[in-house]
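*Asks:* Sequential numbering of the sequence shown, starting at 1, is according to UniProt numbering. A virtual CB, placed ideally from N, CA and C, is assigned to each residue, including glycine. Sharing a structure here in structure tokens format.
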Amino acid sequence: MRQSFAIGIGGAAGQGVATPGDIFAKIFSRRGLHLNAYNAYQSIIRGGHTFLTIRTGPEKVTNMGDRIDLLIPLNQDTMDRHLSLLSAGGACIYNADTIKPGTPAEGVQLCPLPVSKLADISKNKVAQNTLAMGAALSMMGVGFQALESVLAEQFRKKEQAVIDENVNLARTGYDYATQNFQAFPHPLPMTDNRYAVLSGNAALAMGGAAAGVKFYCAYPMSPSTGVLHWMAEHARKANIMVRQVEDEIGVINMAIGAAHAGVRAMCATSGGGFALMSEGLGLSAMAEIPVVVIDCMRAGPSTGVPTKTEQGDLWQMLGAAFGDYPRVIAAPLDIGDCFTLIPEIFNIAERFQCPGIVLCDLLLSEGRLSVEPQALDFNPPIDRGEMITSANGNGHGEYKRYLITESGVSPRAVPGLPGYTHTVSSDEHAEDGVLISDEYTNTVKRRAMMEKRMRKVQGIEASAPPPELQGPADADVTLIGWGSTQGVIEEAREQLAEQGIKANQLQIRWLVPLHGDAIVGILKGSRRTIIVENNFSGQFARYLRSETSFLADGHIRKYDGEPFMPHHIAEAVKEQLAGETTLSIPAHEVMV
């Protein structure tokens, strides 16, 4: 199994859980380590419960893992909920003045900090946080200089006295742990590698900038709001016009308007906001104006559980708008892929003048991951398709915006070019864009135009690669996932291999086109197939069955708002291979 070290930091919203997480992330990345971070929190500003897991190691870390090695509870609630996540060899650093430890598992070291003796808590309400960070790094074998430099950076906008106070507190906690607590047997390693640390939302936004997006708009809706934040912060430097709009109806129409004017336009929302965009997507399809929409899924229906993750919007995307029209839908496999996917889907959307939908989720949007800097290509191939941007002496004849072609794609002229005047509307139309339904619906023209648009589907299918099988060909079981379950399934396969069970994996990135024939061809060679997804009804299983008639042998589903842990999948696979069930619904071990 891969070597890793996981820290869990928990407390009430407003107790400062995020700052220690940011500091640990910077220290780990500067030691050349991979990391993965996930924050489980409630949708209230103060109070409630927040639990941040940050896992690091010299090898790629793709998920939050099964257990934690170090627990830092900032209140009693966190201690009560999460102490059981520590196994033998783990440790818990806590404020001995306010928290009672409970009974840990055998081999867990309790590390009480006498906070009131070590700090003046009347002046610094979050002193326990800084003391605990110092103590933790001492036990991990990390030199104090690493923490001192990050603290100076973290508080650089404040007065020097604030920086000095935090550095002194951290040194006090560091020294106290060195003298009173047993260090972890293996110091945190260091490598010569360097990684970028990104949230999924930042990666989506950066991918848009790399793709050449020049217009971005959104209405703030978690968990997609981070895309708007990045865009607003970097708008001038990236030469992107950014607008916060009054609602999602305005968002989609404004994005379509910008795309019609000739620029690459993008917007992001979550399931509730996307519902308001559906009619606008139909306009994008009928007027053949390419636009890219990001849906960051959260647990529904309605407001649902707005700060929890789920893969529950697939059928909403498949049925968005009404009528038949070509589209492309893709689900990023990890946070790095959030960046990579955006230029790819823009190229397809613009080549075939259709809507592109990115199906992300809270796990990726608000999670953080270490990414190889060289994987962030800010000069990706750009293909804008058959786009006319200048008259070039050819604009004196009749221009047919919706010319019927063999490929279904008609040359698209930027509005305002001399000689390229044309009509664009949401109604069905003839080749010149003139409506066919005002006086008499010309059935021949309607059929020809519908067939023209739908011929794009073949080109879209050829542009998106089919999925490939990962792992041994002679596996006992094939695990099928889509989108963000990529990494956790990979680690579950490692756990199964340790127990003598061979598993391979088919991870779906392109949902439309699905490449159903290729998928069925791969799965025909599988001994047993199990579909893994974060929703109640098995939305992908149902989609695959509707498109191919393929029935999986088993299903693993989770819909409690929290993501899969590797052992959830490994244990469910063993149950199903033993014939105990064909549907496994793992229970989350702790209340979060």
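How close, in whole Å, do the beta carbons of residue 264 and residue 299 come, if the pair is a contact with beta carbons under 8 Å?
*Replies:* For this step, residue 264 is matched to residue 264 along the sequence shown. For this step, residue 299 is matched to residue 299 along the sequence shown. In fact, because the Cβ distance is near 31 Å, the residues do not count as touching under 8 Å.
*Asks:* Whose C-beta lies closer than 6 Å to the C-beta of residue 130 among residues of the same chain, with five residues either side of it excluded?
*Replies:* Here residue 130 refers to the residue found at position 130 of the sequence shown. The answer, listed in chain order, is 166, 169, 170.
*Asks:* For the ligand MG, is there any heavy atom lying closer than 7 Å to the beta carbon of residue 568?
*Replies:* Of the ligands one can find in the structure shown there are none, so the ligand MG has no counterpart to examine.
*Asks:* Kindly indicate which residue of 30, 80, 535, 18 has the alpha-carbon position closest to the one of residue 593.
*Replies:* An answer regarding residue 593 cannot be provided, because it is not within the stretch 1 to 592 covered by the chain.
*Asks:* Does the segment 222-229 come close enough to the segment 192-205 that 3 or more CB-CB pairs lie under 8 Å?
*Replies:* As far as the Cβ criterion goes, the segment 192-205 touches the segment 222-229, which means the pair count is three or higher.
*Asks:* According to the neighbour-count rule (16 or more other Cβ atoms, all chains shown, within 10 Å of its Cβ), is residue 309 buried or exposed?
*Replies:* Residue mapping note: residue 309 aligns to position 309 of the sequence shown, counting from 1. Buried, because 16 or more other Cβ atoms sit within 10 Å of the Cβ of residue 309.
*Asks:* From 30, 73, 118, 28, pick the residue whose C-alpha is nearest to that of residue 8; which is it?
*Replies:* Looking up residue 8 in the sequence shown gives position 8. Selected option, being the one with the closest Cα: 73.
*Asks:* Measure the Cβ-Cβ separation of residue 368 and residue 146 and say whether it is below 8 Å.
*Replies:* For the purposes of this step, residue 368 is identified with residue 368 of the sequence shown, where counting begins at 1. For the purposes of this step, residue 146 is identified with residue 146 of the sequence shown, where counting begins at 1. Taking 8 Å as the Cβ cut-off, residue 368 and residue 146 do not qualify as a contacting pair.
*Asks:* With DSSP as the reference, label residue 395 as helix, strand or coil.
*Replies:* Position 395 of the sequence shown, counted from the start, is the residue given in the question as residue 395. Because the pLDDT of residue 395 is 48, which lies under 50, any placement of that residue in the model is unreliable, and the number read from its coordinates should be weighed accordingly. Residue 395: coil per DSSP, three-state reduction.
*Asks:* Closer than 6 Å by C-beta to residue 191: which residues in its own chain qualify, once you throw out the five before and the five after it? Chain order, please.
*Replies:* Residue numbering aside, residue 191 sits at position 191 when the sequence shown is read from its first letter. For residue 191, where only same-chain residues beyond five positions count, the Cβ hits under 6 Å are 32, 58.
*Asks:* Suppose the cutoff is 8 Å on Cβ atoms and the five residues either side in sequence are ignored; what does the same chain contact list for residue 174 look like?
*Replies:* As a working note, residue 174 is residue 174 in the sequence shown. So the qualifying residues of the chain are 134, 135, 137, 138, 144, 147.
*Asks:* With respect to the alpha helix (DSSP H) encompassing residue 556, which residues constitute its N-terminal and C-terminal limits?
*Replies:* As a first step, residue 556 is located in the sequence shown; it is residue number 556 there, counting from the start. Run containing residue 556: none in the alpha helix (DSSP H); it sits in the beta strand (DSSP E), 554-557.
*Asks:* Helix, strand or coil, according to DSSP, for residue 588 in the structure here?
*Replies:* Looking up residue 588 in the sequence shown gives position 588. If DSSP states are grouped into helix, strand and coil, residue 588 belongs with coil.
*Asks:* On a Cα-Cα basis, can you pick out the residue from 563, 384, 389, 424 that is closest to residue 400?
*Replies:* The residue given as residue 400 occupies position 400 in the sequence shown. Comparing Cα positions, the closest option is 424.
*Asks:* Within the continuous alpha helix (DSSP H) that includes residue 154, where are the two ends?
*Replies:* Residue 154 sits at position 154 when you count from the first residue of the sequence shown. 144-154 is the span of the alpha helix (DSSP H), which, as asked, contains residue 154.
*Asks:* By Cβ distance below 8 Å, which residues in the same chain neighbour residue 406 in space, the five residues on each side in sequence not counted?
*Replies:* Stepping through the sequence shown from its first residue, residue 406 is reached at position 406. These residues qualify, in order along the chain: 455.
*Asks:* Assign residue 583 to buried or exposed, taking buried as 16 or more other Cβ atoms, counted over all protein chains shown, within 10 Å of its Cβ.
*Replies:* Within the sequence shown, residue 583 is the residue found at index 583, counting from 1. Looking at its Cβ environment, which holds fewer than 16 other Cβ atoms inside 10 Å, residue 583 is exposed.
*Asks:* How is residue 103 classed by DSSP in three states: helix, strand or coil?
*Replies:* Here the question's residue 103 lines up with position 103 in the sequence shown. It is coil, neither helix nor strand.
*Asks:* For residue 586 versus residue 570, is the C-beta spacing smaller than 8 Å?
*Replies:* Along the sequence shown, one-based indexing puts residue 586 at 586. Along the sequence shown, one-based indexing puts residue 570 at 570. Not a contact, by the Cβ cut-off of 8 Å.
*Asks:* In whole angstroms, give me the CA-to-CA distance for residue 382 and residue 463.
*Replies:* Numbered from its first residue, the sequence shown carries residue 382 at position 382. Numbered from its first residue, the sequence shown carries residue 463 at position 463. Near 14 Å, if we compare the C-alpha coordinates of residue 463 and residue 382.
*Asks:* Note down, in chain order, each residue of its chain lying with its Cβ closer than 6 Å to the Cβ of residue 514, except the 5 sequence neighbours on either side.
*Replies:* Within the sequence shown, the letter at position 514 stands for residue 514. These residues qualify, in order along the chain: 547.
*Asks:* Determine the extent of the beta strand (DSSP E) in which residue 360 is found, giving its start and end residues.
*Replies:* Reading the sequence shown from its first residue, position 360 is the one you call residue 360. From DSSP, the beta strand (DSSP E) with residue 360 extends over 355-361.
*Asks:* Under 8 Å, with one C-beta from each stretch per pair, do the segment 477-492 and the segment 521-538 reach the 3-pair mark?
*Replies:* Cβ pair count under 8 Å is three or more, so yes.
*Asks:* Would the segment 32-51 and the segment 104-116 be scored as touching if the rule is three or more Cβ pairs under 8 Å?
*Replies:* Counting Cβ pairs under 8 Å, fewer than three are found: no touch.
*Asks:* What is the DSSP secondary structure of residue 34, counted as helix, strand or coil?
*Replies:* The count along the sequence shown starts at 1 and reaches residue 34 at position 34. In the structure shown, residue 34 sits in a strand (DSSP, three-state: E or B).
*Asks:* Which residues bound the alpha helix (DSSP H) around residue 166?
*Replies:* Taking the sequence shown and counting its residues from 1, the one referred to as residue 166 is at position 166. Run containing residue 166: 160-180, per the alpha helix (DSSP H) assignment.
*Asks:* Quick one, are the C-beta atoms of residue 297 and residue 360 less than 8 Å apart?
*Replies:* Reading the sequence shown from its first residue, position 297 is the one you call residue 297. Reading the sequence shown from its first residue, position 360 is the one you call residue 360. Yes; because the gap between Cβ atoms is below 8 Å, this pair is in contact.
*Asks:* Here's a check: name, in chain order, each residue in its chain whose Cβ is nearer than 7 Å to the Cβ of residue 536, leaving out the five neighbours to either side.
*Replies:* Your numbering for residue 536 matches position 536 in the sequence shown. So the qualifying residues of the chain are 557, 559.
*Asks:* Could you compute how far the alpha carbon of residue 389 sits from the alpha carbon of residue 285?
*Replies:* Taking the first residue of the sequence shown as position 1, residue 389 is located at position 389. Taking the first residue of the sequence shown as position 1, residue 285 is located at position 285. Going from the Cα of residue 389 to the Cα of residue 285 covers about 21 Å.
*Asks:* In terms of DSSP beta bridges, what is residue 236 paired with?
*Replies:* Position 236 of the sequence shown, counted from the start, is the residue given in the question as residue 236. Bridge partners of residue 236: none, in fact.
*Asks:* In this structure, what does DSSP give as the bridge partners for residue 49?
*Replies:* Within the sequence shown, numbered from 1, the residue matching residue 49 stands at position 49. Beta-bridge pairing links residue 49 to no other residue.
*Asks:* Examine the Cβ distances between the segment 443-454 and the segment 462-476 and report whether three or more of them are shorter than 8 Å.
*Replies:* With a cut-off of 8 Å, the segment 462-476 and the segment 443-454 do not count as touching, because too few Cβ pairs lie within range.
*Asks:* Where does residue 214 land, buried or exposed, given buried means 16+ other C-beta within 10 angstroms?
*Replies:* Here residue 214 corresponds to residue number 214 of the sequence shown, with the count starting at 1. Buried: at least 16 other Cβ atoms inside 10 Å.
*Asks:* Going by beta-carbon coordinates alone, are residue 56 and residue 34 separated by less than 8 Å?
*Replies:* The sequence position of residue 56 within the sequence shown is 56, counting from 1. The sequence position of residue 34 within the sequence shown is 34, counting from 1. Result yes, Cβ atoms of residue 56 and residue 34 sit closer than 8 Å.
*Asks:* Beta-carbon within less than 8 Å of residue 490's beta-carbon, same chain only, minus the 5 sequence neighbours each way: which residues are those?
*Replies:* Translated into positions along the sequence shown, residue 490 becomes position 490. 62, 470, 505.
*Asks:* Residue 375: which of 385, 334, 355 sits nearest, CA to CA?
*Replies:* Along the sequence shown, read from residue 1 onward, the residue named residue 375 stands at position 375. Among 385, 334, 355, the Cα nearest to that of residue 375 belongs to 334.
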